[in-house]
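Taking my numbering, I'd label the letters of the sequence shown as residues 41 to 161.
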Amino acid sequence: MSEDEVRALEIRWAEAVRDRDIRFLERLLAPEFTLTTGRMPNPVRGREEYLEITESRYEVSEFEFESIDVLDYGDAAVVRSRYRQRGSMDGADRSQPFLITDVFARIEGRWLAVTRHISPM
41 MSEDEVRALE IRWAEAVRDR DIRFLERLLA PEFTLTTGRM PNPVRGREEY
91 LEITESRYEV SEFEFESIDV LDYGDAAVVR SRYRQRGSMD GADRSQPFLI
141 TDVFARIEGR WLAVTRHISP M
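Dropping the structure here:
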């Protein structure tokens, strides 16, 4: 996958979260996917919990990427980005900038997200 394709996939992922496009997210996320936020009580969330929260509890009204840097390792890619959003979870404001690190792997010919680490700035 080219760097431009990885950048486009990163943006498509953010659009899917905003639009609650769970069908796309189910195809994108590897079975072993984890989201690390450091927020208690669940600092690391698995794939199913991430999908459930995205579908029913997390709302994003606007987002933008300030930067997206792609490190290509052949069958793996690491994406480091600066991301800003307006949103909420369970009514708590989540409007702020974040640093995100995503790891994609080519598995059985498809690019899948295997992990995401996100830190508020």
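Beta carbons are placed, not taken as given, at the ideal position from N, Cα and C, and that holds for glycine.
Is it right to say D130 is buried, meaning 16 or more other beta carbons lie within 10 angstroms of its own, or is it exposed? exposed
If you draw a straight line from the alpha carbon of R120 to that of R146, how long is it in whole angstroms?
-> 18 Å
In whole angstroms, give me the CA-to-CA distance for D112 and F138.
22 Å
Legend entry - Pairwise C-alpha distance: R97 and G86: 16 Å
Specify whether the region 104-111 and the region 75-93 touch according to this definition: at least 3 beta carbon pairs, one from each stretch, less than 8 Å apart. no
Using 10 angstroms around the beta-carbon of R156, count the other beta-carbons present and answer buried if the total reaches 16, otherwise exposed.
buried
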